[in-house]
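Chemist:
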Amino acid sequence: MNNDESTVRVFSVEQGAYIDVEKVIRSEAEWRQLLTPQQYNVLREEGTERAFTGALLGNKERGVYRCAGCGNDLYHSDHKFDSGSGWPSYYQAVAPENVATRLDRRLFMTRNELICRRCESHLGHVFDDGPPPTGKRHCINSTSLTFHPL
């Protein structure tokens, strides 16, 4: 078990195993330099892209979706489904350890926000209206992801 607070244990799809990786901690100036304005708005300011506009919404290729902020493996195409919501949706992450949730009470409602476990960037939200086997819907901004074919 990893107890070092500067690292986090995540699942690597490429390696097919859990690995310890450095947490990604950057200043806001560094994030602004690294990310596009839209990525910065979504990943660092918890923004949301407009429904049905995300580049990865209709992607049907087999592969892994990684965090646009740090490259952490987040979702596998095998877990993607068409929710009709206008955002890419997955019924689970590649591993529970790769994402984290925190309470989001903005906009006069309470939701569970999904963040990247490695860099704590905003990804989207999780809802209890997804398909089997989990019944969950991870509603994710395309802007927060990069796609890598397998």
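The sequence shown begins at 1 in full-length UniProt numbering and counts up one residue at a time. Ideal Cβ positions, reconstructed from N, Cα and C, are used throughout, including at glycine.
#1: Roughly how many angstroms lie between the CA atoms of Tyr40 and Tyr91, to the nearest whole one?
#2: Tell me whether the beta-carbon of Val94 lies closer than 7 Å to the beta-carbon of Asp73.
#3: Using alpha carbons as the reference points, say which of Arg9, Gly130 and His125 lies closest to Leu103.
#4: Between Thr143 and Gly54, how many whole angstroms is the CB-CB distance? I'm expecting something under 8 Å.
#5: By the three-class DSSP mapping on this structure, what secondary structure does Ser89 have?
#6: Reducing DSSP to helix, strand and coil, say where Ser83 ends up.
#7: Does the distance from the CB of His76 to the CB of Val64 come in under 7 Å?
#8: Count the other CB atoms, across all protein chains shown, that sit within 10 Å of the CB of Gly135; report buried if there are 16 or more and exposed otherwise.
#9: Are Ser56 and Pro96 close, meaning C-beta to C-beta below 7 Å?
#10: Kindly list the residues whose CB is nearer than 8 Å to the CB of Arg62, restricted to its own chain and excluding five residues on each side of it in sequence; keep chain order.
Modeler: Working from what's here:
#1: Approximately 25 Å, taken between the alpha carbons.
#2: yes
#3: For the residues Arg9, Gly130 and His125, the minimum Cα distance to Leu103 belongs to His125.
#4: 7 Å
#5: strand
#6: coil
#7: yes
#8: exposed
#9: First, the amino acid is wrong: residue 56 is Leu here, not Ser. Not a contact, by the Cβ cut-off of 7 Å.
#10: Ser77, Asp78, Pro149 and Leu150
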